[in-house]
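Chains as they are written, first to last, in the numbering used here: chain A, 17 to 455; chain R, 45 to 302.
Yeah, the Cβ is synthetic: ideal placement off N, Cα and C, and Gly gets one too.
Only a predicted model underlies this, so the values are computations on that prediction, with no experimental measurement involved.
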Amino acid sequence: MHYIPNILFAILLVVGIGFFTKNVKKLIRNIKLGKDIDRSDNSSQRWKNMANVALGQSKMVSRPVAGILHIIVYLGFIIINIEVIEIIIDGLFGTHRVFAFAGGLYSFLIGSFEILAFLVLISVIIFWIRRMIIRIPRFWNKEMTSWPKNDALNILYFEMVLMSLFLIMNAADLNLQLLGADHYVEAGSFPISKYIAGWLPQNIDTLIFIERSAWWIHIIGIFIFLNYLYYSKHLHVLLAFPNTYYANLDPKGKLNNLESVTTEVKMMLDPDADPYAMPEETKTDEVPEKFGANDVVDLNWIQLMNAYTCTECGRCTSVCPANQTGKELSPRAIMMKTRDRIEEVGKNIDLNGSFKEDDKSLFTTISNEEIWACTSCNACVEECPVQIDPLSIIVELRRYLVMEQSSAPQELNMMFTNIENNGAPWQYNQMDRLNWKDE
Amino acid sequence: MKVPTMAEMMAEGKSPEVLFWVGCAGSYDDRAKKITKAFVKILNNANIEFAVLGTEESCSGDPAKRAGNEFLFQMQAMTNIEILNAYEIKKIVTACPHCYNTLKNEYPELGGNYQVMHHTEYLKLLLDDGRLTIEGGQFAGKRITFHDPCYLGRANGIYEAPRDLIKKMDVELVEMKRCKSDGLCCGAGGAQMFKDSEKGDKEIFVERTEDALEVEPAIIATGCPFCNTMMTDGIKNKEKEEEVQVLDIAEIIASAKE
Ligand code: SF4
Ligand code: SF4
């Protein structure tokens, strides 16, 4: 009987971590649905970039209020989680505050955790106010309804509850320590929860009930939260690191040159090329390469990781010139729709063993109107706190529309024709190109 | 105005210090041609041996690439690279950030390796080397704001060269609330120049012009022929042609002494 809580805890731990591992595996599998792209270069610069942007949150502070609050929540979140180590050991072995022997250091740690927990709680409440009372516009764009909106709120509520439970647990513990209850060694310092302690009853049994309940709900909450990540924009707490490590280090203006196109163009321009020769590697049963992307498998794995990393903060959309002037395009929505589609393809594979054609694509949710509204200004890329590149996806979709579907807007087709015929996007004669000199 | 072509130079057995890549807007667009000529005037006055490709130049392919037509882009790129390489070009200067970006970043993989400079970078270099002098002249004391072209600023991280030039002119440089890496696009990039915008509640160039008018400049300085067109349209839209001029930095420098 005595061991029941320990056994329950062990089961909880195994189930919690087991599910989490399963989700991580699924996540990796889904990201790998994307095409290969080599970003193994410049590892020292990449580490530095990751340290700066993910760990140091350098891009967050471009908006100081949100930036600083976010740093508090983030630091609090990481540091308070050190306490989870103690909770797990206590849970497994039936000990209580197993690290209490550290004395002064322990008091210092618990005291710091309390202060951080309090700061996190305040910050999260301010976040909630910004979202729900001040209603900052970027949280209310049209893609931020239903799940995305609830997801954002769920996270805030989760953190409020977890932080409160942590403080209540400590408050009850403090009272129990003062009452000299069995098992409750005097340990820790409680700069915040001592104010809550006064409101709690002074009865040992009730206090133990409160302390145990808070302890259990807190740790169960943490495991639920851990498993919630996969379904949430909160996944960025993990993916921000690889995402910034693998971020694009080239100048933002550089678009990749499609190699498959290079081969063909070289053939076309080469006067010695045998027009009837088949390129060596092309076998007849091979599917010809698709130009651009209409589905997630045509994007590269970094673009797919980008989609999973998106925090849905909307900073990109709030600086997008197209979005600001009322166009359909929202770079955040591009990322969200990409993620939704990866999930859909992933579920399809889970269900059918391999992907079964479902007559859907990225264009099921992304309209041509969105794609053509982009000015390729890179504002979204510059602004993203986790270095996501929505523009690269937009370009791939345009490539598909133009090269696979020939469905560019009419005016752009005219521009193409002009370039083909006279080497300029307008209808001027190539031979007049130097006329300005004498005008 | 002296504008030698590469073919002429070659015939004389000479090679220029730098190739001036004029670009399509600079060659054909009436407004942009003025920028081209202003830049040539500066080069002539500073006795720079430059050349243009003239009728051998062709669209860099930027609008095709940004519109998703990778075939057309690479056709253009490879044709241009063939000519540039045949003339053994090493250094290129251009007044168009779109050509600049494409030639600098996207041509190397296709076999075109050159030192590519935006005209503001190049003028800054000449200035630092003492080969060019800049004075405020008729612009001294005026309020000027600089609109960052996306393809110079965010795309390639160049924010200071154009500002350094402006500061040399004894003018009052005022920054818009969105400037440098936060600068708002004029609305022309990504091939938007060649089509109507999608439906919305405002034109991007109007939004950007409002940013500029907020700081009450006498001159909006630009560094891109497309930005220039868009900002000029914006000023017309706001009926401010009398009070505010839209000028390329090259035009400001070239006409200061007039
Ligand atoms: S690059 Fe396109 S999507 Fe991104 S901010 Fe500019 S216009 Fe918007
Ligand atoms: S792409 Fe970046 S800036 Fe845009 S919503 Fe996602 S995380 Fe925020």
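Indicate whether at least one CB of chain A lies closer than 8 Å to the CB of F238(R).
The beta carbon of F238(R) sits closer than 8 Å to some beta carbon of chain A.
Proximal residues of chain A, C-beta to C-beta of M119(R) below 7 Å:
Close to M119(R), with beta-carbon spacing below 7 Å, are these residues of chain A in chain order: V281.
Straight-line Cα distance separating Q319(A) from K299(A)
Confidence at K299(A) is low in this model, with a pLDDT of 49, below 50, so its placement is unreliable and no value can be given for it.
Quick one: list the residues of chain A neighbouring Y195(R), beta-carbon separation under 9 Å, in chain order.
Under the 9 Å cutoff, chain A gives G269, S392, C393 and N394.
For the alpha helix (DSSP H) that R187(R) lies in, which residues bound it at each end?
R187(R) -> not in any alpha helix (DSSP H); beta strand (DSSP E) instead, spanning R187 to F190.
Taking DSSP as the reference, what is the three-state secondary structure of K299(A)?
In this predicted model, K299(A) has a pLDDT of only 49, less than 50, meaning its place in the structure is not dependable; the value taken from the coordinates is given anyway. Looking at K299(A) - three-state DSSP - the assignment turns out to be coil, as it is neither helix nor strand.
Taking the C-alpha atoms as reference points, what is the distance between E386(A) and A188(A)?
Between E386(A) and A188(A), the C-alpha separation is close to 55 Å.
For E159(A) and Q403(A), the rounded distance between their alpha carbons:
In this structure, the CA atom of Q403(A) is about 20 Å from the CA atom of E159(A).
Can you check which of these residues, D266(A), K268(A), K306(A) and K165(A), is closest to S276(A) by C-alpha distance?
It is K306(A) whose Cα lies nearest to the Cα of S276(A).
Between the beta-carbon of Y416(A) and the beta-carbon of N310(A), is there less than 8 Å?
Their beta carbons are under 8 Å apart, which means Y416(A) touches N310(A) by this criterion.
Mark R151(A) as exposed unless 16 or more other C-beta atoms lie within 10 angstroms of its C-beta, in which case mark it buried.
It is exposed - the Cβ of R151(A) has fewer than 16 other Cβ atoms within 10 Å.
Indicate whether at least one CB of chain R lies closer than 8 Å to the CB of K299(A).
Unreliable positioning characterises K299(A) in this predicted model, as indicated by a pLDDT of 49, which lies under 50. A coordinate reading is not provided.
By Cβ distance below 7 Å, which residues in the same chain neighbour P258(A) in space, the five residues on each side in sequence not counted?
Taken in chain order, the residues that qualify are M321.
CB T276(R) to CB V259(R), shorter than 8 Å?
Not closer than 8 Å, so no.
For L217(R), list the residues DSSP reports as bridge partners.
Bridge partners of L217(R): I188(R).
Q159(R) in three-state terms, based on DSSP
DSSP places Q159(R) in the strand class (E or B) of the three-state scheme.
Identify every residue that forms a DSSP beta bridge with M289(R).
Residue 289(R) is actually Gln in this sequence, not Met. Per DSSP, I263(R).
Would P337(A) be called buried (16 or more neighbouring beta carbons within 10 Å of its own) or exposed?
Of the other Cβ atoms in all chains shown, 16 or more fall within 10 Å of the Cβ of P337(A); this residue is therefore buried.
Cβ pair count under 8 Å reaching 3, the region 348–364 of chain A against the region 191–208 of chain R:
No, the region 348–364 of chain A is not in contact with the region 191–208 of chain R.
Taking 8 Å as the cut-off, does the region 56–70 of chain A touch the region 257–274 of chain A (at least 3 CB pairs, one atom from each stretch)?
Below 8 Å, enough C-beta pairs join the region 257–274 of chain A and the region 56–70 of chain A to call them touching: three or more.
Can you pull the chain R residues whose beta carbon is under 7 Å from the beta carbon of W215(A), in chain order?
Against chain R, the beta carbon of W215(A) has no neighbour under 7 Å; the closest one sits roughly 48 Å away.
Do the region 267–276 of chain A and the region 129–141 of chain A make contact, defined as three or more Cβ pairs closer than 8 Å?
No: the two stretches stay apart, fewer than three of their Cβ pairs being nearer than 8 Å.
Between which two residues does the alpha helix (DSSP H) carrying T278(A) extend?
Segment E275 to L285, the alpha helix (DSSP H) holding T278(A).
Sub-8 Å separation of I96(A) and F129(A) beta-carbons
Closer than 8 Å, so yes.
Any Cβ of chain R within less than 8 Å of the Cβ of A389(A)?
Output row for A389(A): interface = yes.
Mapping the DSSP letters down to three states, classify K301(R) as helix, strand or coil.
In this structure, K301(R) counts as coil in the three-state DSSP scheme.
Given that a residue counts as buried once 16 or more other Cβ atoms are within 10 Å of its Cβ, and exposed if not, what is N46(A)?
Counting other Cβ atoms within 10 Å of its Cβ, N46(A) reaches 16 or more and is therefore classed as buried.
According to DSSP, what are the bridge partners of A82(A)?
When beta bridges are read from the DSSP output, A82(A) appears opposite no residue.
Does any C-beta atom of chain A lie closer than 8 Å to the C-beta of K280(R)?
False, the Cβ-Cβ gap to chain A never drops below 8 Å.
G67(R) and T138(R) look like a contact to me (Cβ under 8 Å); what is the Cβ gap, rounded to whole Å?
G67(R) to T138(R), Cβ: 6 Å. Contact.
What three-state label does DSSP hand A133(A) in the structure shown?
Residue state, collapsed to three classes: helix.
Kindly list the residues whose CB is nearer than 6 Å to the CB of R62(A), restricted to its own chain and excluding five residues on each side of it in sequence; keep chain order.
Taking R62(A) as the centre and dropping the five residues before and after it, the same chain places the C-beta of Y261 closer than 6 Å to its C-beta, in chain order.
Look up W215(A) in the DSSP assignment and give the residues it is bridged to.
DSSP lists no partner for W215(A).
Whether A197(A) touches I224(A) by CB criterion (8 Å)
Yes.
Using only the alpha-carbon positions, how far apart do K268(A) and K210(A) sit?
So the two alpha carbons sit approximately 52 Å from each other.
C-alpha distance - E61(R) paired with E93(R), whole-angstrom precision
In a straight line, the C-alpha of E61(R) is about 5 Å away from that of E93(R).
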